[in-house]
Structures are given as C-alpha cells and as structure tokens.
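S.K.: Protein sequences appear in the order of chains D and B. Per our numbering: the first sequence = residues 39 to 154. Per our numbering: the second sequence = residues 0 to 115.
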Amino acid sequence: GAVVSQHPSWVICKSGTSVKIECRSLDFQATTMFWYRQFPKQSLMLMATSNEGSKATYEQGVEKDKFLINHASLTLSTLTVTSAHPEDSSFYICSARDRGATYEQYFGPGTRLTVT
Amino acid sequence: GENVEQHPSTLSVQEGDSAVIKCTYSDSASNYFPWYKQELGKRPQLIIDIRSNVGEKKDQRIAVTLNKTAKHFSLHITETQPEDSAVYFCAARFARVTGGGNKLTFGTGTQLKVEL
C-alpha cells in the first residue's frame, strides 16, 4: 500500500527558533499534500494544501508567513514553523494523495512538536 | 464550506456489544465518506470508506451506511473487542473524477472504549 513518512517524529525546540518537518511519499507520486494540526483530544484541522510546483493554499486563520510550506517535488513536502512559540506545540500530520487517485489520501505518522 | 458533525463524543460499550457512531454533513455535493481510527499518538488509519453511489458497505465487523437524502452516515462496529478502543473520525469530501478534488473535512471524533 501507499506509504507516507514524516521526519522527525518528535522535536523539542526553544521559543523563537524555527523547525522544519518533512513529509515524503515513499512509493507513489503525490501531486497534492495536506498539512494538518491536531491539538490534544481534538480533531484534525487542515492548515494548508500544497500542489507540486505551486504555492500552497492556506486555510483561513493560518498564517502563511509563519507556517512555510514547500512542495518542490512529487515526493516531498516540507512545513517550516518559523519563530515557534509554546502555543505552536501540537501534533502535525501530513497527508498525500496519489497522482492518479480520486478518493484516497494517505497519512504520515505525525510529528510531535514541543516548544519550550 | 463543508461542515461535519459527529456524535457521540464518547462511547463506552461492553466487549461483544455493538457500537454506532453517527455523522452528518452539510455539502450535498460531497461524495466520499471515509472513517478513520486513531490510536493515541499515531496516524489516522482508514478503516472503511463509502462513496455516494452506494448505500451500505461492510468489511467483516465494520459497516458504514449512507443516507444521501438526510446527509448522514454511520459507522457500525459489531462484536467489539478491547483493541477497538480508539478515537474514530468521520470525514467528507467532494471528489472529482479528474483532478485532485477538494479537501477532507473531519468530524470532531468519538472516543470509543470497549470494556471487558
């Protein structure tokens, strides 16, 4: 089946620093990747949708200058949390849709970010 | 945009009993309805999905029903086991046959606990 990986699986950083999270589709080409944020005991909230080679589309209320998304290839998307603050601490999950898929999308294992 | 409501937020059942989780959606154009199981700290895992041209789908102990007129769909788990304990999310999306389609909108989640 389709496999999506994320790196790192967890990261602790100091307030004011930046953190980059990578999302890779290992055995398929992902024309579209999605980035979600999940706070404890809450649902997945879509942050942005990225299409390979084009700018990401951000959801309302998500600061595009703070959460930088790059989707430079069909197998890699990155999310950079810039000037992180404790309130950015969350579980970040990416998801990818196969180039030829109409319905299914596959989730990465998530990255636990803790900002101290 | 799409809005998905999910009930109940928590559900406790005895081992062997059935569990039912219900969702309603707002966008009548939605045509793809997946259900995900998420264990603590893990990625959401697709357990079953249904498309709008089908009213019911079953996979062993898991079934999903869809009522397009009423815009609601339900997850049914029979003969529950302790390992079924997790958070379950419903979701809805309008999927185009060509092209990427729209984003998934998630329900708020149901914490299922199967007690011995």
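From the three backbone atoms N, C-alpha and C, an ideal C-beta is built for every residue, glycine too.
Do S17 (chain B) and H71 (chain B) have their C-beta atoms closer together than 8 Å?
M.R.: Taking the first residue of the second sequence as position 1, residue 17 (chain B) is located at position 18. Taking the first residue of the second sequence as position 1, residue 71 (chain B) is located at position 72. Result no, Cβ atoms of S17 (chain B) and H71 (chain B) do not sit closer than 8 Å.
S.K.: Taking C-beta pairs closer than 8 Å, name the residues in chain B that G146 (chain D) reaches, listed in chain order.
M.R.: Looking up residue 146 (chain D) in the first sequence gives position 108. Those are R42, listed as they occur along chain B.
S.K.: Per DSSP, what kind of secondary structure is E4 (chain B) in: helix, strand or coil?
M.R.: If you number the second sequence from 1, residue 4 (chain B) lands on position 5. Of the three classes helix, strand and coil, the one that applies to E4 (chain B) here is strand, per DSSP.
S.K.: When we look at the beta-carbon of R75 (chain D) and count the other beta-carbons within 10 Å, is it buried (16 or more) or exposed?
M.R.: As a first step, residue 75 (chain D) must be located in the first sequence, where it is residue number 37. Buried, because 16 or more other Cβ atoms sit within 10 Å of the Cβ of R75 (chain D).
S.K.: So if DSSP puts S11 (chain B) in a beta bridge, which residue, or which two residues, is it bridged to?
M.R.: Reading the second sequence from its first residue, position 12 is the one you call residue 11 (chain B). S11 (chain B) pairs with B:K112.
S.K.: If you draw a straight line from the C-alpha of S111 (chain D) to the C-alpha of F145 (chain D), how long is it?
M.R.: Numbered from its first residue, the first sequence carries residue 111 (chain D) at position 73. Numbered from its first residue, the first sequence carries residue 145 (chain D) at position 107. The alpha-carbon atoms of S111 (chain D) and F145 (chain D) are separated by roughly 18 Å.
S.K.: With 16 other CB atoms within 10 Å as the buried threshold, where does S128 (chain D) fall?
M.R.: Working through the first sequence from its first residue, we reach residue 128 (chain D) at position 90. With 16 or more other Cβ atoms within 10 Å, it is buried.
S.K.: What span of residues does the beta strand (DSSP E) with V41 (chain D) cover, start to end?
M.R.: Here residue 41 (chain D) refers to the residue found at position 3 of the first sequence. First-last for V41 (chain D): undefined, no H or E at that position.
S.K.: Measure the C-alpha to C-alpha separation of D65 (chain D) and S92 (chain D) and round it to an integer number of angstroms.
M.R.: Along the first sequence, one-based indexing puts residue 65 (chain D) at 27. Along the first sequence, one-based indexing puts residue 92 (chain D) at 54. When rounded, the distance between both Cα atoms is 22 Å.
S.K.: For I49 (chain B), write down the residues that DSSP places opposite it in a beta bridge.
M.R.: Residue mapping note: residue 49 (chain B) aligns to position 50 of the second sequence, counting from 1. Note: I49 (chain B) sits in a beta bridge opposite B:F32.
S.K.: Spell out a yes or no on whether the segment 94-102 of chain D and the segment 42-50 of chain D are touching, meaning 3 or more CB-CB pairs, one atom from each, closer than 8 Å.
M.R.: The segment 94-102 of chain D vs the segment 42-50 of chain D: no contact.
S.K.: Please name the residue, chosen from B:V12, B:F32, B:T64 and B:S27, that lies closest to F105 (chain B) on a Cα-to-Cα basis.
M.R.: As a working note, residue 105 (chain B) is residue 106 in the second sequence. With distances taken between Cα atoms, F105 (chain B) lies closest to B:F32.
S.K.: Report all residues from its chain with a CB closer than 6 Å to the CB of H62 (chain D); omit the five preceding and five following residues, and keep chain order.
M.R.: Here residue 62 (chain D) refers to the residue found at position 24 of the first sequence. Just to set this straight, residue 62 (chain D) is Arg in the shown sequence, not His. Excluding sequence neighbours, R62 (chain D) sits near S43, T113 and L114.
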